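So for the sequence shown, numbering that gives the first Met the number 0 puts the first residue at 0; every next one is plus one. The beta carbon of each residue, even a glycine, is placed where N, CA and C say it ideally should be. As the structure is a computational prediction, the values presented were derived from the model and not from experiment.
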Amino acid sequence: MTEYWNNLCAFLPSIPMPPNPPQPDFQGLGAQQVNLIAHLAGWPVRINVFTQPGIQNAMATGNTPWFGDEVVIYDPIFMEGLRQRYGLSAPFGVLAHEVGHIVRGVLVPGWMPDWSDEMRADHFAGFVLARHGLDLQPLQRCIMELMARPGYRHPDGRTRAAVVRGGYIEGGGIA
Ligand SMILES: [Zn+2]
0 MTEYWNNLCA FLPSIPMPPN PPQPDFQGLG AQQVNLIAHL AGWPVRINVF
50 TQPGIQNAMA TGNTPWFGDE VVIYDPIFME GLRQRYGLSA PFGVLAHEVG
100 HIVRGVLVPG WMPDWSDEMR ADHFAGFVLA RHGLDLQPLQ RCIMELMARP
150 GYRHPDGRTR AAVVRGGYIE GGGIA
C-alpha cells in the first residue's frame with residue numbers, strides 16, 4: 000500500500016494518506032475530465048482515475064498495486080470545494096496539472112519530481128485551460144492561496160501562478 004508514494008506528484012503538500020484504498024472512478028466526472036485532457040494532448044491510452052475522500056489533494060502516480068502504471072487520484076470533496084471557492088477552472092486545472100505529469104513524461108517509475116518537473120506540469124495546466132476556453136484566474140488564486148510557501152517538491156504559489164500564466168499564453172489565452 001505504500002508503493003505508490005514513490006512516484007507521486009501531490010498537487011499540494013501532502014497530508015498522511017488514510018488507510019482506505021482509493022476507489023475506482025472510471026466513469027466519474029474527474030475521470031472524464033482527465034481523459035478529455037489527455038486525449039486532446041495526444042495521450043494514446045486511457046488513464047485510470049481513482050477517488051480518495053479525505054486526502055484534500057490530487058495526485059498522479061505510477062506503479063500502483065491497483066490498476067495500471069499511471070493513474071490520477073483525487074479527493075472529490077476537496078475538488079468540489081475548489082470549484083465553489085475559486086470557480087470551475089481551479090479543479091479542472093488541478094487535474095490538468097496531474098495529467099501534465101503523465102503526458103509530458105515527467106512521471107516515470109523511480110523518478111522523484113523536482114521543481115522543474117512541477118513547473119512543467121503547471122505550464123501544461125495553463126495551456127490546457129486556454130485551449131478549453133477557461134479562465135486563468137481561478138487556478139492562479141487557488142495556487143497562490145493554497146501554496147503560500149515553497150516546499151521540497153514545489154516552488155511557492157506566486158512562482159507557480161506565473162508559470163501557469165506562461166502556459167496559458169502559449170495556449171492562446173489572453174492573460
Ligand atoms: Zn505535480
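Residue i versus residue j - alpha carbon distance
i: residue 76; j: residue 91; result: 14 Å
i: residue 25; j: residue 174; result: 34 Å
i: residue 38; j: residue 83; result: 27 Å
i: residue 8; j: residue 88; result: 20 Å
i: residue 125; j: residue 164; result: 6 Å
i: residue 48; j: residue 128; result: 20 Å
i: residue 97; j: residue 120; result: 7 Å
i: residue 167; j: residue 122; result: 7 Å
i: residue 116; j: residue 154; result: 11 Å
i: residue 171; j: residue 100; result: 21 Å
i: residue 52; j: residue 169; result: 34 Å
i: residue 141; j: residue 159; result: 11 Å
i: residue 27; j: residue 74; result: 12 Å
i: residue 139; j: residue 162; result: 10 Å
Cβ pair residue i, residue j closer than 8 Å
i: residue 72; j: residue 95; result: no
i: residue 60; j: residue 29; result: no
i: residue 20; j: residue 86; result: no
i: residue 33; j: residue 46; result: yes
i: residue 146; j: residue 11; result: yes
i: residue 81; j: residue 70; result: no
i: residue 152; j: residue 143; result: no
Check: residue i C-beta below 7 Å from any heavy atom of ligand 1
i: residue 169; result: no
i: residue 96; result: yes
i: residue 117; result: yes
i: residue 91; result: no
i: residue 8; result: yes
i: residue 120; result: yes
i: residue 38; result: no
i: residue 100; result: yes
Check whether the stretch 133-144 touches the stretch 36-49, taking contact to mean three or more Cβ pairs, one atom from each stretch, closer than 8 Å. No, the stretch 133-144 does not touch the stretch 36-49.
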